[in-house]
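All remarks here apply to the structure that follows.
Protein chains in written order, with the working numbering: chain A, 454 to 612; chain B, 454 to 612; chain C, 454 to 612.
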């Protein structure tokens, strides 16, 4: 299992403080050895990094950057549930990548690679996941991308 | 674990009779302690409660009501698999909320709150779930919203 | 558990050679007794069988055929993970079916039946699954449909 804090530092990245739940749903749920993370939007320092459909309002490159932010936000939620004990993260299982798209845009997989490549850079084989990447007409708060994540963890406390 | 029938009665709600499977897929599948419920449409008494995209054809408020109906329909499917032994329902794990949206509509999370808030009202902490809410261009039978659900159950019979 | 190779032969179908992973994500991940298969596109012999939205660019019938190809491609990925030991396939749990749709198209479930019916033909009760079928504005490489799949397997080697 990789040293996530060291890899984040190497890439000059930091995990945000995970926002607390403010609604009837929660940012992440653990059941057994799986954590399901709610769809993450590309918020950074309290604002959306890019809004509107790709490519007319958001370039592919900006959307890839936004996808990376979604991953950082999702990892922060995982860290919150495992007390940042990253040795417990054994596998990223699945990403659901929803790219706000113009009709005819057919490069959702390239946008999603922003997320996938970052996970591999940070976590190596542990970060290699299954994924579905699709183009949607609109997203909450006009986000250009939303990503949900399922990860496997070890050493689960009984509760 | 909450008393779902009492909570439904308090809110003057009833679960529908779960429609039987009529196709090559089924309304819900149990594997281990998880039940995966198929995407539920907002059918009530055999008809769709609201059709077409939000907000041009369906208001946000109508879409929230439709989202609540999807949850009632999904809970009915869960109840069918657990013989309405609601003490076995230990956690709502995840919702996938697909809102039929006009381009530029950015309040899918508000529509989804109709579903999330109802689950919390009915089930308390047991009902707090992870979710992804996205905007889609179209849905089966022109539904304004479709919701899939994963729940955890206890006391599983061996099979 | 059904004899998948015999059923494929009966229908005059073959599973493709599963493409190797060429990116930071993988075609399928196994965790415990579940395999999560990445979103499959309707590639056949290296080309997309149908592109563009239903029904303006792709007919419902063509999209159903494409959905079947997605299933064959997904089963090939499952087979790769279980060394084509199909007796280990105990249940298809869930399909996520994303149909590239024109606004107003409301027959995503009919397209998805192409996938569901094939699974039932090939696998009988083992192939009966939960599913969500939705309409999306665009898909990678202009595919008309993308399908992700979760299956349960038995007899898992410890690793």
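Where a beta carbon is used, it is the ideal one built from N, C-alpha and C, also for glycine.
These numbers were taken from a predicted model, which means no experiment stands behind them.
Check, Outcome
"Please check the pair residue 593 (chain A) and residue 562 (chain B), which I expect to be a contact at CB under 8 Å, by giving their CB distance rounded to whole angstroms.", "4 Å"
"State whether the segment 488-508 of chain A contacts the segment 456-467 of chain B, with contact taken as three or more CB pairs (one from each stretch) at a distance under 8 Å.", "no"
"Which residues, taken in chain order from the segment 465-481 of chain A, show a beta carbon closer than 8 Å to some beta carbon of chain B?", "474, 476, 477, 478, 479, 480 and 481"
"Verify the CB distance criterion: does residue 509 (chain B) have a CB-CB separation below 7 Å to chain C?", "no"
"When burial is assigned at 16 or more other CB atoms within 10 Å of the CB, is residue 467 (chain C) buried or exposed?", "exposed"
"Could you tell me the alpha carbon to alpha carbon distance between residue 513 (chain A) and residue 564 (chain A), rounded to whole angstroms?", "6 Å"
"Along chain B, in chain order, which residues have C-beta atoms closer than 9 Å to that of residue 457 (chain C)?", "Correct list: empty, because the minimum Cβ distance to chain B is about 16 Å."
"Have a look at the DSSP bridge pairing and note the partners of residue 549 (chain C).", "C:585 and C:601"
"Hey, could you find the ends of the alpha helix (DSSP H) residue 481 (chain A) is sitting in?", "Element bounds for residue 481 (chain A): not the alpha helix (DSSP H) but the beta strand (DSSP E), 481-484."
"DSSP state of residue 491 (chain B), grouped into three classes?", "strand"
"For residue 591 (chain C) and residue 523 (chain C), which I take to be in contact (beta-carbon distance under 8 Å), what is that distance rounded to the nearest angstrom?", "Contact flag wrong, Cβ pair sits at about 16 Å."
"Is the CB-CB distance between residue 550 (chain A) and residue 507 (chain A) below 7 Å?", "no"
"Chain C beta carbons: is any one of them nearer than 7 Å to that of residue 579 (chain B)?", "no"
"How is residue 556 (chain A) classed by DSSP in three states: helix, strand or coil?", "coil"
"Report the three-state DSSP secondary structure of residue 524 (chain A) (helix, strand or coil).", "helix"
"Determine the closest residue to residue 603 (chain A) out of B:597, B:607, B:541 and B:585, with distance taken between C-alpha atoms.", "B:585"
"Residue 482 (chain A) and residue 546 (chain B) look like a contact to me (Cβ under 8 Å); what is the Cβ gap, rounded to whole Å?", "5 Å"
"If distances are taken between C-alpha atoms only, which option among A:607, A:464, A:598 and A:559 comes closest to residue 503 (chain A)?", "A:598"
"Residue range of the alpha helix (DSSP H) that residue 459 (chain C) falls in?", "457-463"
"Would you identify the three-state DSSP class for residue 511 (chain B), choosing helix, strand or coil?", "coil"
"Answer with buried or exposed for residue 528 (chain B), where buried requires no fewer than 16 other C-beta atoms within 10 angstroms of its C-beta.", "buried"
"Taking any Cβ of chain A, which residues in the segment 586-606 of chain B have a Cβ under 7 Å from it, in chain order?", "586, 587, 588, 589, 590 and 605"
"Residue 533 (chain B) to residue 574 (chain A), Cα distance in whole Å?", "45 Å"
"For residue 600 (chain B) and residue 531 (chain B), which I take to be in contact (beta-carbon distance under 8 Å), what is that distance rounded to the nearest angstrom?", "Not really, about 13 Å apart at Cβ, beyond 8 Å."
"Under a Cβ-count criterion, where at least 16 other Cβ atoms within 10 Å of its own Cβ denotes burial, should residue 511 (chain A) be classed as buried or exposed?", "buried"
"So, under 8 Å CB-CB, residue 515 (chain A) and residue 570 (chain B) are touching, yes? Tell me the CB distance rounded to an integer number of Å.", "Not confirmed; about 34 Å, so no contact."
"Indicate whether residue 579 (chain A) and residue 541 (chain A) have their beta-carbon atoms separated by less than 7 Å.", "no"
"Cβ of residue 537 (chain A) within 7 Å of Cβ of residue 469 (chain A)?", "no"
"Considering only the alpha carbon of each residue, which of A:607, A:485 and A:589 lies closest to residue 539 (chain A)?", "A:607"
"Is the beta carbon of residue 595 (chain B) sitting closer than 7 Å to the one on residue 559 (chain C)?", "yes"
"I'd like the list of long-range same chain contacts for residue 509 (chain A), defined as Cβ closer than 8 Å, with 5 residues on each side in sequence excluded.", "555"
"Let me check one thing: in DSSP terms, what residues is residue 606 (chain C) bridge-paired to?", "C:542"
"Below 8 Å on the Cβ atoms is my contact criterion, and I expect residue 589 (chain B) with residue 589 (chain C) to pass it. Report the Cβ-Cβ distance as a whole number of Å.", "6 Å"
"Would you mind reading off the limits of the alpha helix (DSSP H) that contains residue 574 (chain A)?", "561-576"
"Going by alpha carbons, who is nearest to residue 505 (chain C) out of A:566, A:576, A:605 and A:557?", "A:557"
"With burial defined as no fewer than 16 other Cβ atoms inside 10 Å of the residue's Cβ, what is the status of residue 518 (chain B): buried or exposed?", "buried"
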